[in-house]
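According to this note's numbering, the sequence shown holds residues 1 to 85 in order.
Note that beta-carbon positions come from the ideal geometry of N, C-alpha and C, so glycine has one too.
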Amino acid sequence: MSKHIPQRMCVICRKMSDKNELIRLIFDGSQPVIDMKQNKLQRGVYICRNPECIEKAQRRKIFSKIYKKNISEQIYEEIKEYAAR
């Protein structure tokens with residue numbers, strides 16, 4: 001019997017994927033941060049490791065809209081670096 005793997009949806013392309021294939025972001029009060037272990041007890045959003053999804057999120061300023069705060073461009077660079085691993 002195989003272990004159940006939770007599915008989550010990318011906020012950009014709306015594609016369902018295994019939770020561990022996506023990047024999870026949580027809001028720490030001032031800026032979103034990458035939840036590398038995906039175990040923080042805060043509401044998170046998921047994004048694909050696909051460079052097109054990350055670029056689209058940056059162009060549309062999607063995290064500023066989700067969190068209703070001005071988000072620095074640095075988080076998008078961090079996501080790109082993390083996705084490249």
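For the alpha helix (DSSP H) assignment, the uninterrupted runs of no fewer than 4 residues enclosed by the region 14-78 are, from N- to C-terminal side, 51-60 and 62-67. With 16 or more other Cβ atoms inside 10 Å of its own Cβ, Pro-32 counts as buried. Taking a C-beta distance under 7 Å as the contact criterion, Phe-63 and Ile-71 qualify as a contact pair. The beta-carbon separation of Gln-38 and Lys-19, rounded to 7 Å, stays under the 8 Å limit for a contact. According to DSSP, Arg-85 shares a beta bridge with no other residue.
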